[in-house]
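What follows is one structure encoded as structure tokens, with my remarks underneath.
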Amino acid sequence: MFAKPFRVKSNTVIKGSDRRKLKADISAAFPSLSADELSELVPNKQELNVVKIYAHKGDAVTLYVLHKNPLFFEVERRLYPTVYALWHYPALLPAFRTWPPVLQKLIGGADLMLPGVVVPSSGLPHVKQGDCCAVTVVNSRAPVAVGTAAASSAEMQSLGMKGRGVCVLHTYMDNLWAFGDKSSPPSLPEAETEEQGVSEEEECETYEEEEKEEVEKCMGEDTLREERIKVKKSELPLLTSTFLRNHMFSCCPSGKQLDIKKSSYKKLSKFLQTMEQQHNLVRVKELTKGVESIVEVDWKNPELRSFNVPETDVEAASVQDGDGDGDESPYHPPEITTLYSVSARLEPLFVDANKRKGTILQPAEVRIVISTLGRMQECYQVVFPGQVPTTKKGHIEPIDISVASRGSNKKVTIVKNLEVYGLDPAVVATALQHRVQASTVLQPVPGAKDKVLVQIQGNQILQVGNLLLDHYQIPRKYIQGLDKAPKVGKKK
1 MFAKPFRVKS NTVIKGSDRR KLKADISAAF PSLSADELSE LVPNKQELNV
51 VKIYAHKGDA VTLYVLHKNP LFFEVERRLY PTVYALWHYP ALLPAFRTWP
101 PVLQKLIGGA DLMLPGVVVP SSGLPHVKQG DCCAVTVVNS RAPVAVGTAA
151 ASSAEMQSLG MKGRGVCVLH TYMDNLWAFG DKSSPPSLPE AETEEQGVSE
201 EEECETYEEE EKEEVEKCMG EDTLREERIK VKKSELPLLT STFLRNHMFS
251 CCPSGKQLDI KKSSYKKLSK FLQTMEQQHN LVRVKELTKG VESIVEVDWK
301 NPELRSFNVP ETDVEAASVQ DGDGDGDESP YHPPEITTLY SVSARLEPLF
351 VDANKRKGTI LQPAEVRIVI STLGRMQECY QVVFPGQVPT TKKGHIEPID
401 ISVASRGSNK KVTIVKNLEV YGLDPAVVAT ALQHRVQAST VLQPVPGAKD
451 KVLVQIQGNQ ILQVGNLLLD HYQIPRKYIQ GLDKAPKVGK KK
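Numbering follows full-length UniProt numbering, with no gaps: position 366 of the sequence shown is 366.
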């Protein structure tokens, strides 16, 4: 949850009534804490801050911060201790042990898989599915991660210690830890116990292999699911990059991450090649140099026809289809916000506000600390409905519309950067072709990977502008070249 930077919405001192309620909530969630321990975690007179944040996926999270260290975080009205709190009370949660190399994967955003769990002679800790639990590394009792049990202890054993063990929410060295004083885990040696299982190297190899299998299973299910309920014949040919971005990623089951680099395929092209050669599901062709597209889907393929689509996916697809016009799903323009990043040069100005180099801030947040934005690095955030917000440094590239000459007195209109706004160049080209009754061509943008420009005969700036402004509702300030449209009444 905190593998990527989060955005701070507010930071206020807790009120007396809220302090008492927090203490009661912590006592109810963690009944093993004594009254004295509760008073240490939530002291009556020391300053305790309530920080409301938005995680990188948009989740609303509340932090409770004491002495600049977050001790608890609350998600969907459920409290979880941070590693800072657990370092003071390491026995607060049932803990699963793992090998130190696995910790790096957890920090990167992975969940704890059961092959990576080191089982002591006393057996696994007793947990039910969904219980809050901690993760420690061998030879130390200091927790390094917090999450929820993906299954009960009995189910983990019955599964042969394969599959997901702990759904990790927070780890040592993630951005929530970095919000505090960045201290290291204390030295808390564990009692010598006899360990069950194989060596560290074999455990890590098994862990990586199972993680790879999970990703590849997710990829295969996503492809079948998308072809079964979302991809329409009218969308073909479909750019492979569009299929990955708009279909596979969005259809990844909740709680799972689709990272092709963690699979044996490593690249989307190799995965689709396997789908074509071994499963005969799709046919991929390079329509323009360096740009591959899915040109055909075998809708009668037995594997595709026998695939059972989850009811939730069918319902979601039917809702989208019901809102669309014909076979095309409705396009919703992204919400774009100008943000600012704290640079190394200005970091000293933000130290007292606990904002470090690289922290992403909104203009209103910056004005609380400093009155000028001129020397800060500009960033922008793009939010598509139902997708994870994307934040990048620099200025967002506008959709560029220009007119070029071809041959003797022939003009063509060129449209670039549609992908930045989530628009499929092939779909835009088809819409323009129907509007102006002129031929269109898709060409790769020179020097830009995975970018395609649309070329249409004649000076069609006015029609392109109307399509982007009225149909796709792209704000005018993000469209460049509208001023070059021919004047009404003059020959185009």
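Every residue gets a Cβ at the ideal spot worked out from N, C-alpha and C, and that includes glycine.
Owing to the predicted nature of the structure, the values given are computational and were not obtained by experimental measurement.
Does DSSP classify residue i as helix, strand or coil?
i	result
Pro120	strand
Val366	helix
Gly147	strand
Val464	helix
Asn175	helix
Tyr472	coil
Leu453	strand
Arg356	coil
Gln157	helix
Phe96	strand
Ser10	strand
Val138	coil
Val388	coil
Ser408	coil
Glu378	strand
Ala344	coil
Ser293	strand
Thr372	coil
His170	strand
Leu238	strand
Leu423	coil
Lys105	helix
Whole angstroms are fine: how far does the CA of residue j sit from the CA of residue i?
i	j	result
Pro237	Phe384	23 Å
Ser341	Gln377	5 Å
Glu335	Asp174	27 Å
Val117	Glu37	30 Å
Val166	Trp177	19 Å
Val445	Gly458	20 Å
Lys393	Glu292	29 Å
Gln102	Trp87	Per the sequence presented here, residue 102 reads as Val, with Gln not at that position. So the alpha carbons of these two residues sit roughly 20 Å apart.
Leu469	Lys477	10 Å
Tyr84	Val65	10 Å
Glu286	Leu239	10 Å
Gly255	Gly358	Low per-residue confidence applies at Gly255: pLDDT is 48, beneath 50, and the placement is therefore not dependable enough to give any value.
Trp99	Val138	6 Å
Thr430	Pro363	39 Å
Gly163	Gly130	15 Å
Ser153	Phe72	25 Å
Leu63	Ser158	37 Å
Pro486	His395	28 Å
Ala142	Pro81	13 Å
Lys9	Lys52	5 Å
Lys449	Phe2	30 Å
Ser122	Ser32	21 Å
Ala134	Pro90	9 Å
Ser269	Val13	52 Å
Thr390	Asn417	16 Å
Since I believe residue j is in contact with residue i (beta carbons under 8 Å), could you give me their beta-carbon distance rounded to a whole number of angstroms?
i	j	result
Leu339	Leu361	7 Å
Tyr172	Pro189	The Cβ separation is near 17 Å, so there is no contact.
Val415	Arg406	Not quite, the Cβ-Cβ distance comes to about 15 Å (not below 8 Å), so this is no contact.
Gln460	Gln443	Rounded, the Cβ-Cβ distance is 16 Å, inconsistent with contact.
Leu281	Val297	7 Å
Gln480	Ile399	7 Å
Leu92	Val168	Incorrect: roughly 17 Å between the Cβ atoms, too far for contact.
Val61	Val75	5 Å
Ala55	Phe6	5 Å
Tyr421	Ile474	6 Å
Asn44	Gly180	The Cβ separation is near 22 Å, so there is no contact.
His170	Ala145	7 Å
Tell me residue i's beta-bridge partners as DSSP assigns them.
i	result
Pro81	Phe72
Val270	In the sequence as presented, Val is not what sits at residue 270; that position holds Lys. In DSSP, Lys270 forms no bridge with anything.
Met1	According to DSSP, Met1 bridges with nothing at all.
Asp400	Lys416 and Gln480
Glu335	Val383
Asn49	Val13 and Val65
Leu361	Tyr340
Thr288	Val291
Leu432	For Leu432, which the question treats as bridged, DSSP gives no partner whatsoever.
Leu112	Val166
Specify, as a first and last residue, the run of the alpha helix (DSSP H) that residue i falls within.
i	result
Gly16	Gly16 to Ala29
Ser39	Ala35 to Leu41
Gln437	Careful: Gln437 lies outside any alpha helix (DSSP H) and carries neither H nor E.
For the beta strand (DSSP E) containing residue i, name the first residue and the last one.
i	result
Glu190	Neither: Glu190 is in no beta strand (DSSP E) and is coded neither H nor E.
Val65	Ala60 to Leu66
Val281	A quick correction: the sequence has Leu, not Val, at residue 281. Taken as a continuous stretch (DSSP letters only), Leu281 belongs to no beta strand (DSSP E), as it is neither H nor E.
Examine the ligand NAP and report whether any of its heavy atoms sits within less than 7 Å of the Cβ of residue i.
i	result
Pro425	The ligand NAP is not part of this structure, which contains no ligands at all.
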